[in-house]
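Engineer: This is the structure I have questions about; it appears just below.
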Amino acid sequence: MLVDLNICFQESNLSYRVGEVMQLLQVFPVNIIMAICIFITISLTNICSNTVTASIFIPIVAELAKSLEIHPLYFMIPTALASSMAFTLPVATPPNAIIFASGLLRVNDILLAGILATIECALLEMLFMMTWATYLFELDKFPLWAYTPTELVYRNHTLFDILANATAK
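First residue of the sequence shown: -12, per the working numbering; consecutive thereafter.
Okay, here's the thing in structure tokens:
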């Protein structure tokens, strides 16, 4: 099932198209865009499998980051981590369902505890990304591996022209 879903997303270019739509977010600061990506991922992971959520949204946020010329890992890492924050509903994960099935907790009990845990984890995740993850993964620089081969050739050609003109003088 998961493999079929990934193939559908790749062949239909759906991730690329959703990433293009999400480019409308470029009017916001990068950290707000990251918070929106985290919120969307957490919302979906509470009703879908963590793996499915990650396989859907990681390519989307990667394309979004590339289009904004931001290091793709700046959005991919929080999305991957947020896809594991299924704390708020009994259907979110099997452990939640087992606890709920015991009959000792109501949905409201799980929901309240889950919302508090989700908010705490999301804030810690954002703090992590804005502080030492930036230095650990050099997220302040756009990596060469994120460019398409065509973009790399163009950038190298432009650099070659600049160097040729500088040495000709």
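From the three backbone atoms N, C-alpha and C, an ideal C-beta is built for every residue, glycine too.
1) Going straight from the alpha carbon of Ile34 to that of Ile64, what length do you get?
2) Using the Cα positions of Leu111 and Asn83, report the straight-line distance between them to the nearest angstrom.
3) Are the CB atoms of Ile97 and Pro77 within a distance shorter than 7 Å?
4) Can you tell me the Cα-Cα spacing of Ser36 and Phe74, whole angstroms?
5) Where in the stretch 1 to 29 do unbroken runs of the alpha helix (DSSP H), each at least 4 residues long, occur, reported from the N-terminal end onward?
6) Report the rounded CA-to-CA distance for His58 versus Ala88, giving the unit in angstroms.
7) Restricting to Cα atoms, I'd like to know which of Ser71, Leu123, Ser54 and Leu12 is closest to Thr28.
8) Can you give me the C-alpha to C-alpha distance between Ala79 and Glu107, rounded to a whole angstrom?
9) How far does the alpha helix (DSSP H) with Ile97 in it extend, from its first residue to its last?
10) Since Met113 and Leu51 are thought to touch, with beta carbons under 8 Å apart, how far apart are those beta carbons, to the nearest angstrom?
11) Just the Cα atoms here: how many angstroms apart are Ile47 and Ala41?
12) Could you round the C-beta distance between Leu126 and Leu60 to whole angstroms and report it? I think they count as a contact, below 8 Å.
Structural biologist: So, from the data block:
1) Taking the first residue of the sequence shown as 1, we reach residue 34 at position 47. Taking the first residue of the sequence shown as 1, we reach residue 64 at position 77. Cα to Cα, Ile34 sits roughly 21 Å from Ile64.
2) As a first step, residue 111 is located in the sequence shown; it is residue number 124 there, counting from the start. As a first step, residue 83 is located in the sequence shown; it is residue number 96 there, counting from the start. Cα to Cα, Leu111 sits roughly 22 Å from Asn83.
3) The residue given as residue 77 occupies position 90 in the sequence shown. The residue given as residue 97 occupies position 110 in the sequence shown. Yes. Within cutoff.
4) Locating residue 36 in the sequence shown gives position 49, where the first residue counts as 1. Locating residue 74 in the sequence shown gives position 87, where the first residue counts as 1. Distance between the alpha carbons of Ser36 and Phe74: 12 Å.
5) 1 to 9
6) Working through the sequence shown from its first residue, we reach residue 58 at position 71. Working through the sequence shown from its first residue, we reach residue 88 at position 101. One C-alpha to the other measures close to 43 Å.
7) Along the sequence shown, read from residue 1 onward, the residue named residue 28 stands at position 41. Among Ser71, Leu123, Ser54 and Leu12, the Cα nearest to that of Thr28 is on Ser71.
8) By 1-based counting over the sequence shown, the position of residue 79 is 92. By 1-based counting over the sequence shown, the position of residue 107 is 120. In a straight line, the C-alpha of Ala79 is about 18 Å away from that of Glu107.
9) Here residue 97 corresponds to residue number 110 of the sequence shown, with the count starting at 1. Ile97 -> alpha helix (DSSP H) spans Val94 to Met117.
10) Along the sequence shown, one-based indexing puts residue 113 at 126. Along the sequence shown, one-based indexing puts residue 51 at 64. With a Cβ gap of about 17 Å, Met113 and Leu51 do not count as contacting.
11) As a first step, residue 47 is located in the sequence shown; it is residue number 60 there, counting from the start. As a first step, residue 41 is located in the sequence shown; it is residue number 54 there, counting from the start. Rounded to the nearest angstrom, the two C-alpha atoms are 10 Å apart.
12) As a position in the sequence shown, residue 126 is number 139, starting the count at 1. As a position in the sequence shown, residue 60 is number 73, starting the count at 1. Right, the Cβ-Cβ distance comes to about 6 Å (below 8 Å), so this counts as a contact.
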